[in-house]
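Novice: Numbering (this note's numbering), first residue to last: 89 to 549. I'd like to ask some things about the structure below.
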Amino acid sequence: MCPAVAKLTFLGAAQTVTGSRHLLTTASGKRILIDAGLFQGRKELRLRNWQPWTAGPLDAVILTHAHIDHTGYLPRLIGQGLVRRVLCTHGTRDLAAILLPDSAHLQEEEARYANRRGYSKHQPALPLYTADDAEQAVRRLEPHPYDVPVQVVDGVEVTFHQAGHILGAAFLDVRADGKRILFSGDLGRQNSTLLANPDDPTAADALLLESTYGDRTHPEEPAAEQLQKAILAALQRGGPLLIPAFAIGRTQEILFLWRRLEHEGRIPKVPVFVDSPMATDATPLYLKYPADQSDEVRSLLARNVRPLQPARLQFVRGGSESAKLLERDGFFAVIAASGMVTGGRILSHLERHLPDPATTVLLVGYQAEETRGRRLLQGATELKLRGTIVPVRAKIAQMSGFSAHADWREEEQWLAKAPSPPGRVFLVHGEPAALEAQRVRLAAKGWRVQIPQPGEEVALA
Ligand SMILES: [Zn+2]
């Protein structure tokens, strides 16, 4: 039986920050999934990726942006033949073409590891999806420009609006059964250095609002100042500056500020290495789409300045070049994944340089519990890296100025630009305390606000 009105089902990112999956079912029974994210983090969350998909075949999947917690479940759905079409922006298509095969590679590696160790219930253990599923998913991505309404299925239309969170990020204005539903996706910051500002919100009968920073605000000191101080302090110590950073987004932000600091004469021109094939592939994409760029990036490009190119920058792609870099002495900077030191090439650099007191390790983002990054922050005196115990004598520094998410104050400013308050609000993509703080503030405006339970179904009457 078809519902008489459209309904929303909260299949993921409900009372947590990963696994974004919001199902819109129209009155005529069309099923459209907004984001197909992977659950990440604690084991109990990761196991949800293995639960059978019971929501049926999908007429469409619409992606807000390329982060794996918004797209990483798509290859699983595609592999099972459940999806008719997938819509996203151009930037999201390009980044997903890098991220989804990498995610498949990690899934396959995990299955191989489980088989070697014999700890899986299934013999042999299978990956959640394969590289082939990921490639199929990438081929199915239909890119669309911002600001142009697209027909998704009969009676449903979507418009992608700039969200400023990572390259290609969008919030979605979906029209179905006479209702307007706004999906915020992940919302970026005003005046980010690299990316365009988020567009103003449209009017909406229902708004799904991300609440990652629902109970926190960003530090006042700009990232550029923090980075300048960290670089100068590392130079003084004399050894290398190692920066664990995500290959997509964070690495490009650092490069942008680094070049600007050099140009302003605030730091000397020193050798900088980006030791990451993924970052090497992703960086040129940031210069490809004017719609995604900040005014500053656009004006630099118009003057033939390369905004992501410190004077002595080198990208390291091959493994042998990376190995050669390990022989280098003195001051130089290495930016390499992963951002929380859970894997990637940064491990080799740390193994080589952590025992040296002249080294500086600069942690630039949030470090989740039980990661090596967190242990370094907490003052660990040794670190286990690929089976070896390495003493930590390096200086461990941290900066907190980078974030791809609007904090709650910035979200309030964004919401204030809507032509009218949303008819109702569903708070998603937040930890319980962040969601509750956000709920209290928005309810105080007299708004109808709800924190949906995982799996909850709501009719948009
Ligand atoms: Zn995101």
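Here a beta-carbon is modelled for each residue, glycine too, at the ideal position from N, C-alpha and C. These numbers come from a predicted model, not from an experiment.
Could you check what DSSP says for F278 in three-state terms: helix, strand or coil?
Specialist: The residue you asked about is not Phe; residue 278 is Gln in the sequence shown. It is coil, neither helix nor strand.
Novice: When the Cα atoms are used, what is the spatial distance from C90 to I120?
Specialist: Low confidence applies to C90: its pLDDT is 49, below 50, so where it sits in the model is not reliable, and the reading given next is rough at best. Rounded to whole angstroms, C90 to I120 spans 15 angstroms at the Cα level.
Novice: Quick check: W502 and L275, are their CB atoms within less than 8 angstroms of each other?
Specialist: Going by C-beta atoms, W502 is nearer than 8 angstroms to L275.
Novice: With a floor of 3 residues, list each beta strand (DSSP E) that falls wholly inside the stretch 352-411, ordered by position along the chain.
Specialist: Entirely contained in the stretch 352-411, the beta strand (DSSP E) runs reaching 3 residues are, in chain order, 360-363, 401-404.
Novice: How big is the Cα-Cα spacing for A549 and L388?
Specialist: C-alpha separation (whole angstroms): 49 angstroms.
Novice: Of the residues Q402, V174, H437, L99, which one's Cα is nearest the Cα of V478?
Specialist: For the residues Q402, V174, H437, L99, the minimum Cα distance to V478 belongs to H437.
Novice: Quick check: what's the CA-CA separation for P359 versus T281?
Specialist: So the alpha carbons of these two residues sit roughly 22 angstroms apart.
Novice: Any idea what DSSP makes of K317, helix, strand or coil?
Specialist: K317: helix per DSSP, three-state reduction.
Novice: Report yes or no: do three or more beta-carbon pairs, one from the stretch 283-293 and one from the stretch 109-126, lie closer than 8 angstroms?
Specialist: Flag = no, the stretch 283-293 and the stretch 109-126 do not touch.
Novice: Compute the Euclidean distance between the alpha carbons of I150 and L170, then round it to the nearest angstrom.
Specialist: Computed Cα separation, rounded: 14 angstroms.
Novice: So, under 8 angstroms CB-CB, T371 and Q340 are touching, yes? Tell me the CB distance rounded to an integer number of Å.
Specialist: Confirmed, Cβ separation roughly 6 angstroms.
Novice: What first and last residue would you give for the alpha helix (DSSP H) that runs through L194?
Specialist: Here the alpha helix (DSSP H) through L194 covers 178-205.
Novice: What do you get for W138, buried or exposed, if any count of 16 or more other CB atoms within 10 angstroms of its CB means buried?
Specialist: Counting Cβ neighbours within 10 Å, W138 comes out exposed, since fewer than 16 surround it.
Novice: Who are Q538's beta bridge partners in DSSP?
Specialist: In the DSSP output, where bridge partners are listed per residue, Q538 has F514.
Novice: Just checking my contact of V513 with R529 at CB under 8 angstroms: how many whole Å lie between their CB atoms?
Specialist: About 11 angstroms; that fails the 8 angstroms criterion.
Novice: Kindly examine ligand 1 and report whether one of its heavy atoms sits closer than 7 angstroms to the Cβ of H155.
Specialist: At least one heavy atom of ligand 1 is nearer than 7 angstroms to the Cβ of H155, so yes.
Novice: Can you give me the C-alpha to C-alpha distance between F344 and L183, rounded to a whole angstrom?
Specialist: Distance between the alpha carbons of F344 and L183: 19 angstroms.
Novice: For A411 and L260, what's the separation of their Cα atoms in angstroms?
Specialist: Each residue's Cα considered, the two are about 44 angstroms apart.
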